[in-house]
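Peer 1:
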Amino acid sequence: MIEKLNPEQQAAVTLPAQHALVLAGAGSGKTRVLTTRMAWLIQTSQASPHALLAVTFTNKSAREMLARLSALLPINTRGLWVGTFHGLCNRMLRAHYRDAGLAQTFQILDSADQLAAIKRLLKATGIDDEKYAPRDVQRFINGAKEEGLRPDAVEAHDPYRLRLVEIYRFYQAQCERESVVDFAELLLRCYELLQRNGPIREHYQRRFRHILVDEFQDTNALQYRWLTLLAGGGAPIFAVGDDDQSIYAFRGANVGNMADFERDYAHGTVIRLEQNYRSYGHILDSANALIAHNTARLGKNLWTEQGEGEPVRVVEQPSDLLEAQWIVDEIKSLIGEGSLRREIAVLYRSNAQSRVIEHALFSAAIPYKVYGGLRFFERQEIKHALAYLRLMDNPDDDTSWLRVVNFPTRGIGARTLEQLSDLARERGTSLHKAAPLVGGKGGSNLLKFAAMIESMAHEAQVLTLPELIEHVVHHSGLLAHYQTEREGADRLENLQELVNAAAVFAGEENFDGLPAGRMVELPAAAQAGPDAFAPASADTAVSATPAGNQAASDTAGAGMAAAGLIEIDAQHGMSPLAAFLSHASLEAGDNQAQAGQDAVQLMTVHAAKGLEFDAVFITGVEEGLFPHENSLMEQSGLEEERRLMYVAITRARQRLYLTLAQSRMLHGQTRYALRSRFLDEIPEEHLKWLSPKVRVPVSSAWEGTDVASRGWNAQRRGDAYGRPATGQIAPRAPRSLASGVTVGQQQFRIGQGVRHAKFGDGTILSLSGSGQDAQAQIQFRDVGTKTLALGVAKLEVIAA
DNA sequence: CCAGGAATTGTTTTT
DNA sequence: CAATTCCTGG
Numbered sequence: 001m002i003e004k005l006n007p008e009q010q011a012a013v014t015l016p017a018q019h020a021l022v023l024a025g026a027g028s029g030k031t032r033v034l035t036t037r038m039a040w041l042i043q044t045s046q047a048s049p050h051a052l053l054a055v056t057f058t059n060k061s062a063r064e065m066l067a068r069l070s071a072l073l074p075i076n077t078r079g080l081w082v083g084t085f086h087g088l089c090n091r092m093l094r095a096h097y098r099d100a101g102l103a104q105t106f107q108i109l110d111s112a113d114q115l116a117a118i119k120r121l122l123k124a125t126g127i128d129d130e131k132y133a134p135r136d137v138q139r140f141i142n143g144a145k146e147e148g149l150r151p152d153a154v155e156a157h158d159p160y161r162l163r164l165v166e167i168y169r170f171y172q173a174q175c176e177r178e179s180v181v182d183f184a185e186l187l188l189r190c191y192e193l194l195q196r197n198g199p200i201r202e203h204y205q206r207r208f209r210h211i212l213v214d215e216f217q218d219t220n221a222l223q224y225r226w227l228t229l230l231a232g233g234g235a236p237i238f239a240v241g242d243d244d245q246s247i248y249a250f251r252g253a254n255v256g257n258m259a260d261f262e263r264d265y266a267h268g269t270v271i272r273l274e275q276n277y278r279s280y281g282h283i284l285d286s287a288n289a290l291i292a293h294n295t296a297r298l299g300k301n302l303w304t305e306q307g308e309g310e311p312v313r314v315v316e317q318p319s320d321l322l323e324a325q326w327i328v329d330e331i332k333s334l335i336g337e338g339s340l341r342r343e344i345a346v347l348y349r350s351n352a353q354s355r356v357i358e359h360a361l362f363s364a365a366i367p368y369k370v371y372g373g374l375r376f377f378e379r380q381e382i383k384h385a386l387a388y389l390r391l392m393d394n395p396d397d398d399t400s401w402l403r404v405v406n407f408p409t410r411g412i413g414a415r416t417l418e419q420l421s422d423l424a425r426e427r428g429t430s431l432h433k434a435a436p437l438v439g440g441k442g443g444s445n446l447l448k449f450a451a452m453i454e455s456m457a458h459e460a461q462v463l464t465l466p467e468l469i470e471h472v473v474h475h476s477g478l479l480a481h482y483q484t485e486r487e488g489a490d491r492l493e494n495l496q497e498l499v500n501a502a503a504v505f506a507g508e509e510n511f512d513g514l515p516a517g518r519m520v521e522l523p524a525a526a527q528a529g530p531d532a533f534a535p536a537s538a539d540t541a542v543s544a545t546p547a548g549n550q551a552a553s554d555t556a557g558a559g560m561a562a563a564g565l566i567e568i569d570a571q572h573g574m575s576p577l578a579a580f581l582s583h584a585s586l587e588a589g590d591n592q593a594q595a596g597q598d599a600v601q602l603m604t605v606h607a608a609k610g611l612e613f614d615a616v617f618i619t620g621v622e623e624g625l626f627p628h629e630n631s632l633m634e635q636s637g638l639e640e641e642r643r644l645m646y647v648a649i650t651r652a653r654q655r656l657y658l659t660l661a662q663s664r665m666l667h668g669q670t671r672y673a674l675r676s677r678f679l680d681e682i683p684e685e686h687l688k689w690l691s692p693k694v695r696v697p698v699s700s701a702w703e704g705t706d707v708a709s710r711g712w713n714a715q716r717r718g719d720a721y722g723r724p725a726t727g728q729i730a731p732r733a734p735r736s737l738a739s740g741v742t743v744g745q746q747q748f749r750i751g752q753g754v755r756h757a758k759f760g761d762g763t764i765l766s767l768s769g770s771g772q773d774a775q776a777q778i779q780f781r782d783v784g785t786k787t788l789a790l791g792v793a794k795l796e797v798i799a800a
């Protein structure tokens, strides 16, 4: 299995047991090296499969890793510690829930649940949600947790931050009360558990002889500490990553972990994988040239033995619609030449861009599949059904309670709920427990609801998982509700799909693809098993022996025995329902399950990481969109955008298109943009312009548009959305837009160079409004992008 | 209490 | 433009 590797790959795979960093460029065989190393460690008897801990970032790569491993070796991959940070932490927390200070039935909040919980908290505590926007609060809390900080440890001096910390404290108390755990909490709890509990920590430190990490550049501060804690017993960390593909800094990923790891652990044991097996020369060199504009790289240059291939095609169109149309026409001819649809990908920076492209593909009757967006377990009907299911296990989960207490409507209004939540707060109890205390008609409706939950929970004891879901969907009234709703057919279908998914899930015995280990305390006499965690045990474990009897241990068994703890296979300890709910939270699932169909692939650049296609279209290669304007505030933001473009380019095997539009609909208004600076960072020799390259970007093509009259018409007939006029003065600035406006004596147009006394020189990116109300978004050379009112700001027109 | 329309607002990426 | 919140009449 090692013979087929190149020398660097081989060196990485067969590295002695020591900390090591593998700098793996795009398409250099990263996953292959990782899985082959695992197989090699097992085959050469350096480690049993269960002594490996392999951590990935996504569920998809965890699955891929397991699939490849079982292709290399005839082992049963069930029970292996291969999974995402969140999945593995969940597994440990389920096993040690008591030591972690959690309820056995703790539920996991996804991002949306968390946001809802925060909104509810702000309302209940009477905190101004304008000043403390729920989203900001959420970011603050998650940011703190990802730094490993509890409220007491967060530094705060100004009043605003102090209040945020207070909210964080309230939030935490609320989660405790409701037995719910957010994503960041899974990691932090697990970290604290290992840190504080010596026997458990030592158990895992002994158990894991090798730790392997994929996409190391995406780890955050807490994940890094979690890894080094687990490695504290001497297990080497084999970290694979690519600093040039770090695209998640915005949510706490710290590329610096790579350099830190090299300095503190790997001590120069760095292997570079620079041979690319994916792309042709022009494509690869474009990527190399682009990424060379970034500073502070660990350094790496990809090369290929494949030829130059075709140049990168660049196309500029007047509008997003025409851009989409052009792409679809090109896709048609690619298919005509024999390309497979699934080997063609259309990538975009933001999800909002997908609609136009979808529309064009749909009109041309080309099958396509959109990734991302709303995923299965995030759909409202599914979330409703899951909320009922969660209440079966944990009626004190107020988030779920509130979600469905009046859905379908059962006469419980805002007024009643306010009373209820006041009462619950007074008594420091859950909504469920406080329900009987509310009087009046609302109160009796609440009681009926509470009784229904309890009776369904009772039924849950005797029903299988799929039966239970059917039962709940029926008796909650969800079924009836969606039967009468006009758009309900799809939702009913999804609910049926949920039942099917549960049936598959329960049948697979393999609850989240990552069977969890569980530890229980056993009387000393029961601590027998020598190595029940050998591959075979997974199979015997299926046959539903009661929890606890199936003693299991590993090389660390002695230590665990001393601590009075033994690991057992998890499923027996975790009810199928609990396992299914975990699965639903941690793996939101694909959004469209039309598997197997040969379809053009649509996704964001982020979602494309790790994938590859014969032909790739990167769309919207425009200033303000890619790089995105929100990222331009600081240098690091721009560099992350550049890495994102690097990732996008390196997805292509044979053919790459970069497309852009001069104008595009955004938030219901047309915006104009210049071509992306990234295009100018790729040497001309690799590019082939299929549309005339505009010398001065976005020129006078837009001159002559009568802005003033548009604005006037807009006010007379309604606003720019086509809504009827309200008869009042529009509260918003007129939405009309064009490439040129006149303010006083000055004329401004897109692409125009301007000088501001304070901000210096810049270029106009977009214009909105007209006359004295006109505003311009200006990209300044030194201070980033700003939006200025042209009637107020003193601007001097200079050469572009 | 509730449904439905009007008004407002938020929009990058997401395990 | 779409999603959410606000508001009003029944």
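Yeah, the first sequence ends on 800 if you go by UniProt numbering, and it's all consecutive. No residue lacks a Cβ here, since even glycine has one placed at the ideal position from N, Cα and C. Because the structure is a prediction, the values reported are computed rather than measured.
With a floor of 4 residues, list each alpha helix (DSSP H) that falls wholly inside the segment 312-362, ordered by position along the chain.
Peer 2: Entirely contained in the segment 312-362, the alpha helix (DSSP H) runs reaching 4 residues are, in chain order, 320-336.
Peer 1: Whose C-beta lies closer than 7 Å to the C-beta of residue 397 among residues of the same chain, with five residues either side of it excluded?
Peer 2: Locating residue 397 in the first sequence gives position 397, where the first residue counts as 1. Correct list, in chain order: 107, 178, 179, 180, 390 and 391.
Peer 1: Quick check on residue 405: does DSSP put it in helix, strand or coil?
Peer 2: Working through the first sequence from its first residue, we reach residue 405 at position 405. Three-state result, residue 405: coil.
Peer 1: Residue 663 by DSSP, collapsed to three states: which one?
Peer 2: As a first step, residue 663 is located in the first sequence; it is residue number 663 there, counting from the start. Strand.
Peer 1: Name the two residues that bound the continuous beta strand (DSSP E) containing residue 806.
Peer 2: Limits of the chain in this structure are 1 at one end and 800 at the other, which puts residue 806 out of reach.
Peer 1: Cα separation between residue 451 and residue 82?
Peer 2: Your numbering for residue 451 matches position 451 in the first sequence. Your numbering for residue 82 matches position 82 in the first sequence. Cα to Cα, residue 451 sits roughly 42 Å from residue 82.
Peer 1: Looking at C-alpha atoms only, which residue of 381, 663, 458 and 579 is the closest neighbour of residue 504?
Peer 2: Residue mapping note: residue 504 aligns to position 504 of the first sequence, counting from 1. The shortest C-alpha separation from residue 504 is found at 579.
Peer 1: Going along the chain, which residues of its own chain have a beta-carbon closer than 8 Å to the beta-carbon of residue 271, five neighbours each way excluded?
Peer 2: Start at 1 with the first residue of the first sequence, and residue 271 comes out as number 271. The answer, listed in chain order, is 8, 11, 12, 15, 20, 21, 22 and 23.
Peer 1: Excluding sequence positions up to five away, which residues of its chain have a Cβ less than 6 Å from the Cβ of residue 104?
Peer 2: Within the first sequence, numbered from 1, the residue matching residue 104 stands at position 104. Result list for residue 104: 97, in chain order.
Peer 1: Please name the residue, chosen from 443, 218 and 409, that lies closest to residue 423 on a Cα-to-Cα basis.
Peer 2: Stepping through the first sequence from its first residue, residue 423 is reached at position 423. If we check each option's Cα against that of residue 423, 443 comes out closest.
Peer 1: Using the C-alpha atoms, what's the distance from residue 499 back to residue 542?
Peer 2: Counting from one through the first sequence, the residue named residue 542 turns up at place 542. Counting from one through the first sequence, the residue named residue 499 turns up at place 499. Unreliable placement is indicated for residue 542, whose pLDDT of 26 sits below 50; no coordinate value is reported for it.
Peer 1: Taking 7 Å as the cut-off, is the beta-carbon of residue 795 closer than that to any non-hydrogen atom of the ligand GDP?
Peer 2: In the structure on display, the ligand GDP does not appear, and there are no ligands present to speak of.
Peer 1: What do you reckon, are the CB atoms on residue 39 and residue 66 nearer than 8 Å?
Peer 2: For the purposes of this step, residue 39 is taken as residue 39 along the first sequence, with counting starting at 1. For the purposes of this step, residue 66 is taken as residue 66 along the first sequence, with counting starting at 1. Going by C-beta atoms, residue 39 is not nearer than 8 Å to residue 66.
Peer 1: Go ahead and label residue 377 buried or exposed: buried means 16 or more other beta carbons lie within 10 angstroms of its beta carbon, across all protein chains shown.
Peer 2: In the first sequence, the residue the question calls residue 377 occupies position 377. Classification of residue 377: buried, given that the 10 Å Cβ count is 16 or more.
Peer 1: Jot down the residue ranges of each uninterrupted beta strand (DSSP E) in the segment 145-182, minimum 3 residues, whole runs only, in chain order.
Peer 2: The qualifying runs are 180-182.
Peer 1: From the DSSP output, read off the bridge partner residues of residue 40.
Peer 2: In the first sequence, counting from the first residue as 1, residue 40 sits at position 40. For residue 40, which the question treats as bridged, DSSP gives no partner whatsoever.
Peer 1: From the DSSP output, in three-state form, read off residue 262 for me.
Peer 2: Translated into positions along the first sequence, residue 262 becomes position 262. Residue 262 falls in the helix class under three-state DSSP.
Peer 1: Could you give the distance in angstroms between the alpha-carbon of residue 50 and the alpha-carbon of residue 328?
Peer 2: What you label residue 50 is simply residue 50 of the first sequence in a count that begins at 1. What you label residue 328 is simply residue 328 of the first sequence in a count that begins at 1. Cα-Cα distance, rounded: 49 Å.
Peer 1: With respect to the beta strand (DSSP E) encompassing residue 796, which residues constitute its N-terminal and C-terminal limits?
Peer 2: One-based indexing of the first sequence puts residue 796 at position 796. Where residue 796 is concerned, the enclosing beta strand (DSSP E) stretches over 795-798.
Peer 1: Enumerated in chain order, which unbroken segments of the beta strand (DSSP E) with a length of 3 residues or greater are wholly contained in the segment 27-72?
Peer 2: 52-56, all fully within the segment 27-72.
Peer 1: So what does residue 622 bridge to, in DSSP terms?
Peer 2: Mapped onto the first sequence, residue 622 falls at position 622. Partner(s): 675.
Peer 1: Note down the Cα distance separating residue 54 from residue 600, rounded to an integer number of angstroms.
Peer 2: Taking the first sequence and counting its residues from 1, one reaches residue 54 at position 54. Taking the first sequence and counting its residues from 1, one reaches residue 600 at position 600. One C-alpha to the other measures close to 32 Å.
Peer 1: Starting from residue 226, trace the alpha helix (DSSP H) in both directions and tell me its first and last residue.
Peer 2: Residue 226 sits at position 226 when you count from the first residue of the first sequence. Its alpha helix (DSSP H) spans residues 221-230.
Peer 1: Any idea if residue 349 is buried or exposed, counting beta-carbon neighbours within 10 angstroms, 16 or more meaning buried?
Peer 2: Here residue 349 refers to the residue found at position 349 when the first sequence is read from its first residue. Flag for residue 349 reads buried.
Peer 1: Does the pairing of the segment 246-260 with the segment 635-647 give three or more beta-carbon distances under 8 Å?
Peer 2: Judged by Cβ distances under 8 Å, the segment 246-260 makes contact with the segment 635-647, as three or more pairs qualify.
Peer 1: For residue 462, count the other beta carbons within 10 Å of its own beta carbon; 16 or more makes it buried, fewer makes it exposed. Which is it?
Peer 2: Position 462 of the first sequence, counted from the first residue, corresponds to residue 462. Per the 10 Å Cβ criterion, exposed.
Peer 1: Classify residue 466: buried if its beta carbon has 16 or more other beta carbons within 10 angstroms, exposed otherwise.
Peer 2: Walking along the first sequence from the start, residue 466 turns up at place 466. Classification of residue 466: buried, given that the 10 Å Cβ count is 16 or more.
Peer 1: So, at 6 Å on beta carbons, what are the nonlocal neighbours of residue 92 in its own chain, with the 5 sequence-adjacent residues on each side left out?
Peer 2: Within the first sequence, the letter at position 92 stands for residue 92. Result list for residue 92: 190, in chain order.
Peer 1: I need the straight-line Cα distance from residue 18 to residue 619, nearest angstrom please.
Peer 2: Position 18 of the first sequence, counted from the first residue, corresponds to residue 18. Position 619 of the first sequence, counted from the first residue, corresponds to residue 619. Taking the straight line joining both Cα atoms gives about 43 Å.
Peer 1: Can you tell me the Cα-Cα spacing of residue 76 and residue 406, whole angstroms?
Peer 2: Within the first sequence, the letter at position 76 stands for residue 76. Within the first sequence, the letter at position 406 stands for residue 406. If you take the alpha carbons of residue 76 and residue 406, they lie about 46 Å apart.
Peer 1: Going by beta-carbon coordinates alone, are residue 321 and residue 356 separated by less than 8 Å?
Peer 2: For the purposes of this step, residue 321 is taken as the residue at position 321 of the first sequence. For the purposes of this step, residue 356 is taken as the residue at position 356 of the first sequence. Result yes, Cβ atoms of residue 321 and residue 356 sit closer than 8 Å.
Peer 1: Could you have a look at residue 471 and say whether DSSP puts it in helix, strand or coil?
Peer 2: Numbered from its first residue, the first sequence carries residue 471 at position 471. Residue 471: helix per DSSP, three-state reduction.
Peer 1: If I'm right that residue 339 touches residue 615 with Cβ under 8 Å, what's the distance once you round it to whole angstroms?
Peer 2: Locating residue 339 in the first sequence gives position 339, counting from the first residue. Locating residue 615 in the first sequence gives position 615, counting from the first residue. So it is a contact: roughly 6 Å between Cβ atoms.
Peer 1: Does the distance from the C-beta atom of residue 27 to that of residue 277 stay below 8 Å?
Peer 2: Walking along the first sequence from the start, residue 27 turns up at place 27. Walking along the first sequence from the start, residue 277 turns up at place 277. In this structure, residue 277 lies closer than 8 Å to residue 27 by Cβ.
Peer 1: Give me whichever residues DSSP pairs with residue 275 in a beta bridge.
Peer 2: Locating residue 275 in the first sequence gives position 275, counting from the first residue. Note: residue 275 sits in a beta bridge opposite 303.
Peer 1: Just the C-alpha distance for residue 761 and residue 779, rounded to the nearest angstrom, thanks.
Peer 2: For the purposes of this step, residue 761 is taken as the residue at position 761 of the first sequence. For the purposes of this step, residue 779 is taken as the residue at position 779 of the first sequence. Computed Cα separation, rounded: 9 Å.
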